[in-house]
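There are 2 protein chains.
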Amino acid sequence: MARVTIQHVAQAAGVSPSTVSNFLNDRQGRMVAATRARIEAAIAELGYRPNRAARQLRNGKTQTVGLVVPSVGNPFWGAFAHEVEVAALALGCSVLLCNSERDPERERRYVEELWEDGVRSIILCTSLPSLDHVSHVIEEGLRLVTFDRPAQPNDPQSVVSISIDNNVGGQVATAHLLELGHTSIAFVSGSIRSVNRSARYRGYCDALEAAGLSVADMPQWTGMDASHFGDVEAAEVGRAAARDLFADPTNAPTAVVAINDMTALGFCRGLRDLGLKVGRDVSVIGFDDIILADLYDPPLTSVRQPITRMAQLAVSEAIERGSNESTDPGSSVLLRPELVVRESTEHVPSAARP
Amino acid sequence: MARVTIQHVAQAAGVSPSTVSNFLNDRQGRMVAATRARIEAAIAELGYRPNRAARQLRNGKTQTVGLVVPSVGNPFWGAFAHEVEVAALALGCSVLLCNSERDPERERRYVEELWEDGVRSIILCTSLPSLDHVSHVIEEGLRLVTFDRPAQPNDPQSVVSISIDNNVGGQVATAHLLELGHTSIAFVSGSIRSVNRSARYRGYCDALEAAGLSVADMPQWTGMDASHFGDVEAAEVGRAAARDLFADPTNAPTAVVAINDMTALGFCRGLRDLGLKVGRDVSVIGFDDIILADLYDPPLTSVRQPITRMAQLAVSEAIERGSNESTDPGSSVLLRPELVVRESTEHVPSAARP
DNA sequence: CTGAAAGCGCTAACAA
DNA sequence: TTGTTAGCGCTTTCAG
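First to last, the sequence lines map onto chains A and B.
Quick note: the first sequence uses the UniProt record's numbering, first residue 1, plus one each step.
Quick note: the second sequence uses the UniProt record's numbering, first residue 1, plus one each step.
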């Protein structure tokens, strides 16, 4: 059977194509109930489904929302992508998924391509300090929602940001360790050259200082070089950090704040390589609270991001704004992270006490 | 600046639009070198990019490949989606991602919608015994590649399947446990109502029988009911299985083959709840070899699926077939799984020996 | 070897 | 309140 078009529906309903089009586009006020009913019936009977390509060609836009994540290979982003897809589906949209590998150039290319393909709403999971690489598209009218990156002073007006308050997250994580009696706490991250990471780091510093401790006195791990930017390697970073930090036992921390759960898990693995026991010997706390945090042995203490809620927010900002104007453009939504205490953090080991 | 169309290019190159179109569609034999060069120059100068919507409207197809996975929330599928995206990118295609939650109805709807939207190539990660729910679209010309589901006798001719040989996988896993001296080996799965799962189960049975053991003598876990079909809950399944199997210690296994790594990890977690130690007390083996298998404590023995290779195959079958006709339609590619031995499997504990 | 013209399915002026 | 019409940007016969 051939494709059924708006013409067929019009014919079957005894009206003109434009009336059907009006019907389809929620301008039903413009027609009398009987007409509406006839169109409805015709659509149902013929099993008509509007052709997206034609619609897009005509309107210059899709019903698709673009989602650019660092990498779905990382369980956190996989879970987030999943939530985004669920939320978008509820609003009748599909999701075009792209992995940026945290490469600014790939981010730019993807955003541009999506734009060229008629995608007018993009959720960009980036944490680059600047949005310059995509600002020209924003100026043309792209509705951009950044995720995991609070708004920065120089961001274009129209951008909305969804993220947790990473500074608070860093503080909460560190404070938890301090309360357990730790005074030698390292911060482990592949690179803190991104706004959310540096916010977490600042939270860590703030908490330390509030406790009268100096960051300079903490065991330092200078991380891997910037070329290891991908999220797939997050676990590798943690593992390397464990190896390096404990190479000199006199300078080894009793606790660690990891930039995310994958890094934390990698760190735990590294500890294991060294014959150290997570919790008993070294406390480890991560960020994100991915499913695996609870599955791990020992279950990992983590700072939870409420991804379901965040995905809903991101999608509704991306899709519905313009019609709803629910949030002020240029604003940041900063959700409160939640500390989930499990067994990877324990009181400072007695041997290390004064 | 306004959109640059094929017209502009034509004008700039001093030719007609149709010539440019010919150029674009690799019919360059139809024009003299000088013309070609002028068009190339014009495209470069104007920064022309063809409009996909128009192209699609005209051709009735996209450059997009649809990917339907059970759920990117499961790290295995996240990793696979990532590999697919990489492979597609290399071929100039984008990926439209859909989560079926293993619901046949959602699978059907997604496949239909993708088709309606002009997507002509779909990688469907399903393990439903029948493809009936999408066969009408296949008849209309959909290029379908199934993943994780070997071809079945009644499948439409044109379908190509990519998967590992799950039967062999099940055998290898079980044989490994047998070699370690285990004789009480349970099989843990949420449901084996899918072709790949039942193949793994059969492999398990085969190996047992080859060793002169009877499946009926093994501790049985009858799984959760079919409503728990999602991949997100895989870990829950494992955890529940551990609780149930060890409720009656006289009937507890010394080793377990889990249907996948997430279930295996959940099982390990369940063991921990019971104060049992993975490896020492109970050996656990999973399937997939997700990144986390190596990160876990103890690192998980697993049957690896070569996802990078599989993703490449799936994408090239989905996109390039028709031009290439590389593989016979209707065929199955069955890759060999690889046993990765780590520390979650050990010799049968002495207490359990005769 | 290249150009002119028709039309894919839909929408938004504008007319009636 | 509904119909007519003119394209959106591209490809593809069919003439030149």
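Every residue, glycine too, gets a C-beta built ideally from N, C-alpha and C.
Within a Cβ cutoff of 8 angstroms, which residues of the same chain sit near B:E346, ignoring the five residues on either side of it in sequence?
L180, G279, R280 and S283
Kindly indicate if chain B contains any beta-carbon less than 8 angstroms away from that of A:R202.
no
Using beta-carbon positions only, say whether A:V168 and A:I122 come within less than 8 angstroms of one another.
The answer is no: Cβ separation not under 8 angstroms.
What distance in whole Å lies between the Cβ atoms of B:D294 and B:R304, which are believed to be in contact at a cut-off of 8 angstroms?
That belief does not hold up - the Cβ atoms of B:R304 and B:D294 are roughly 11 angstroms apart, past 8 angstroms.
Below 7 angstroms on C-beta distance, what does B:P75 contact in chain A?
Result: P75 and G78.
Interface residues of chain A around B:R269 at Cβ under 9 angstroms?
D294, L295, Y296, D297 and P299
Nearest-angstrom Cα distance between B:R52 and A:I307?
33 angstroms
Pull out every residue of the region 22-47 of chain A whose Cβ sits closer than 7 angstroms to any Cβ of chain B, in chain order.
none
Start and end of the alpha helix (DSSP H) containing A:V278?
It is not in any alpha helix (DSSP H) - A:V278 carries neither H nor E in the DSSP assignment.
Residues of chain A with CB under 9 angstroms from B:N99, in chain order?
The answer, in chain order, is A81, H82, E85, V86 and L89.
Should A:V348 be labelled buried (16 or more other beta-carbon atoms within 10 Å of its own) or exposed?
buried
Below 8 angstroms between beta carbons is the criterion; list the residues of the region 106-117 of chain B that meet it against any residue of chain A, in chain order.
E113, E116 and D117
So, does the CB of A:S71 fall closer than 8 angstroms to a CB anywhere in chain B?
Yes - at least one Cβ of chain B is within 8 angstroms of the one on A:S71.
As an exercise, report each continuous alpha helix (DSSP H) stretch of at least 4 residues that is fully enclosed by the region 98-130 of chain B, in chain order.
104-116
Label A:E45 either buried or exposed according to how many other C-beta atoms from any shown protein chain fall within 10 Å of its C-beta, with 16 as the threshold for buried.
The residue in question, A:E45, is exposed, as its Cβ has fewer than 16 Cβ neighbours within 10 Å.
Anything in chain B within Cβ reach of A:V95, meaning under 7 angstroms, just list it in chain order.
L97
Just curious, the beta strand (DSSP E) that A:E140 is in, first and last residue?
It is not in any beta strand (DSSP E) - A:E140 instead sits in the alpha helix (DSSP H) that spans D132 to E140.
Locate the alpha helix (DSSP H) running through B:E317, then write down its first and last residues.
I307 to E320
If contacts are defined as beta-carbon pairs under 8 angstroms, then A:G60 and A:G14 qualify, I think. What distance do you get, rounded to the angstrom?
Not a contact, Cβ separation roughly 31 angstroms.
Would you check if there are 3 or more beta carbon pairs closer than 8 angstroms linking the region 180-191 of chain A to the region 199-219 of chain A?
yes
From B:H8 to A:L131, what does the alpha carbon distance come to, in whole angstroms?
31 angstroms
Quick check on B:Q152 - is its C-beta less than 8 angstroms from some C-beta in chain A?
So, not an interface residue.
B:S100 to B:V159, Cα distance in whole Å?
19 angstroms
Using a cut-off of 8 angstroms between C-beta atoms, extract the partners of B:G266 located in chain A.
Neighbours of B:G266 in chain A, taken as residues at a C-beta separation under 8 angstroms, are given in chain order as L295.
In its own chain, which residues sit with a C-beta less than 8 angstroms from the C-beta of B:S323, not counting the 5 before and 5 after it?
With a pLDDT of 45 at B:S323, under the threshold of 50, the predicted position of this residue should be treated as unreliable, though the coordinate-derived value follows. So the list is empty, once near-sequence residues are dropped.
Of all the options B:S163, B:I285, B:T250 and B:E320, which has the alpha carbon lying nearest to the alpha carbon of B:T263?
B:I285
Can you pull the DSSP bridge partners for A:L292?
BP columns for A:L292 are empty, so no partner.
Could you spell out where the alpha helix (DSSP H) holding B:I6 opens and where it closes?
I6 to A13
Can you pull the DSSP bridge partners for B:A186?
BP columns for B:A186 point to B:V256.
What is the rounded straight-line gap between the Cα of A:T222 and the Cα of A:A240?
Straight-line Cα distance between these residues: approximately 11 angstroms.
Cutting at 6 angstroms between CB atoms, please list the residues of its own chain near B:A173, excluding the five before and the five after it.
V257, I285 and V303
Determine whether the beta carbon atoms of A:V195 and A:P249 lie at a separation below 8 angstroms.
no
Starting from B:G66, follow its DSSP beta bridges and name the residues at the other end.
B:G66 pairs with B:L96 and B:I122.
Buried or exposed for A:V84, please, with buried defined as at least 16 other CB atoms from any protein chain shown within 10 angstroms of its CB.
buried
Could you tell me the boundaries of the beta strand (DSSP E) in which B:F147 lies?
Where B:F147 is concerned, the enclosing beta strand (DSSP E) stretches over R143 to F147.
For A:Q56, which residues in chain B fall below 7 angstroms Cβ to Cβ?
A53
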